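Please read the structure below before turning to the comments.
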Amino acid sequence: MLLIGMTGGIGSGKSTVTRFFRELGVPVIDADEVARQIVQPGSDPLNEIIAAFGPDVLDRNGTLDRERMRDIIFSDSQKRHLLEGILHPRIIEEMRRQASQVSAPYCILSIPLLVETGHTGAVDRVLVIDVPEEIQRQRAMQRDNLTARAYRAITLAQASREERLAVADDIIDNGGSLEDLQQQVEAMHRKYRALT
Numbered sequence: 008m009l010l011i012g013m014t015g016g017i018g019s020g021k022s023t024v025t026r027f028f029r030e031l032g033v034p035v036i037d038a039d040e041v042a043r044q045i046v047q048p049g050s051d052p053l054n055e056i057i058a059a060f061g062p063d064v065l066d067r068n069g070t071l072d073r074e075r076m077r078d079i080i081f082s083d084s085q086k087r088h089l090l091e092g093i094l095h096p097r098i099i100e101e102m103r104r105q106a107s108q109v110s111a112p113y114c115i116l117s118i119p120l121l122v123e124t125g126h127t128g129a130v131d132r133v134l135v136i137d138v139p140e141e142i143q144r145q146r147a148m149q150r151d152n153l154t155a156r157a158y159r160a161i162t163l164a165q166a167s168r169e170e171r172l173a174v175a176d177d178i179i180d181n182g183g184s185l186e187d188l189q190q191q192v193e194a195m196h197r198k199y200r201a202l203t
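Structure, rendered in structure tokens:
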């Protein structure tokens with residue numbers, strides 16, 4: 008089975024592309040979903056996060072307050088690296104475990120920080136969802152209700168557009184319409200099926 012590592016910056020449209028692949032019957036394992044799974048109350052990763060960052064990172068239900076965590080790590084790169092060290096190896100390990108259970112010609116591993124974490128070698132091909140930076144900024148700020156400062160902090164912590172494109176085996180351009188995006192996903196689906 009071919010493992011496709013899909014990545015892109017904040018606001019690039021990874022969720023929409025994921026939905027289109029799933030509608031085509033392609034199994035997609037999403038790093039954000041896996042991250043939520045592995046930090047359930049009582050889990051080792053969550054206990055390590057509490058030990059490293061204190062109990063204030065929990066909400067009143069005892070689950071990880073992701074918004075608070077985001078504010079902490081995007082204002083302090085050392086804390087971001089600390090969290091990444093706790094979570095990223097476990098996320099990749101769990102994604103590979105889930106992929107090993109899949110029976111399909113290919114599987115998408117949606118990993119927003121694929122380039123940043125140096126895990127491009129864990130997949131057979133890298134698919135980058137690319138978007139012009141101004142469109143990316145508008146989408147991300149509107150969708151996540153971010154200030155310009157918060158958006159800048161997040162993008163500075165991510166690989167640049169050029170760095171992502173430099174490692175891409177395949178590129179989907181999400182600068183156009185939804186219909187155009189869907190057609191590109193369908194073309195990529197045919198390409199991946201042919202490669203297998």
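Residues in the sequence shown are numbered from 8 upward in steps of one, following the working numbering.
We put the CB at the ideal spot given by N, CA and C, even for glycine.
Treat the numbers as computed from the prediction; the structure is a model and nothing was measured.
Under 7 Å, do residue i and residue j count as touching if we go by C-beta distance?
| i | j | result |
| --- | --- | --- |
| residue 41 | residue 101 | yes |
| residue 176 | residue 132 | yes |
| residue 136 | residue 35 | no |
| residue 115 | residue 38 | no |
| residue 113 | residue 9 | yes |
| residue 12 | residue 172 | no |
| residue 27 | residue 189 | yes |
| residue 174 | residue 124 | no |
| residue 71 | residue 109 | no |
| residue 19 | residue 130 | no |
According to the neighbour-count rule (16 or more other Cβ atoms, all chains shown, within 10 Å of its Cβ), is residue i buried or exposed?
| i | result |
| --- | --- |
| residue 191 | buried |
| residue 5 | With the chain represented from 8 up to 203, any question about residue 5 goes unanswered, as that position is not in the structure. |
| residue 143 | buried |
| residue 90 | buried |
| residue 69 | exposed |
| residue 154 | exposed |
| residue 201 | exposed |
| residue 215 | This structure leaves residue 215 out entirely; the chain is present only between 8 and 203. |
| residue 185 | exposed |
| residue 181 | buried |
| residue 16 | buried |
Can you tell me where the beta strand (DSSP E) with residue i in it begins and where it stops?
| i | result |
| --- | --- |
| residue 177 | 177 to 180 |
| residue 84 | Residue 84 -> not in any beta strand (DSSP E); alpha helix (DSSP H) instead, spanning 84 to 107. |
| residue 132 | 132 to 137 |
Taking only three categories from DSSP, how would you classify residue i?
| i | result |
| --- | --- |
| residue 117 | strand |
| residue 13 | strand |
| residue 37 | strand |
| residue 65 | strand |
| residue 71 | strand |
| residue 140 | helix |
| residue 44 | helix |
| residue 112 | coil |
| residue 127 | helix |
| residue 148 | helix |
With residue i as the anchor, note down where its alpha helix (DSSP H) starts and where it stops.
| i | result |
| --- | --- |
| residue 24 | 21 to 30 |
| residue 191 | 185 to 202 |
| residue 155 | 155 to 164 |
| residue 173 | 168 to 174 |
| residue 81 | Unbroken run through residue 81: none, as it is neither H nor E. |
| residue 54 | 51 to 60 |
task = Would you check if the stretch 88 to 95 and the stretch 47 to 62 touch, i.e. whether three or more CB-CB distances between them fall below 8 Å?
result = yes
ask   = Contact between the stretch 75 to 84 and the stretch 159 to 168: three or more CB pairs below 8 Å?
value = yes
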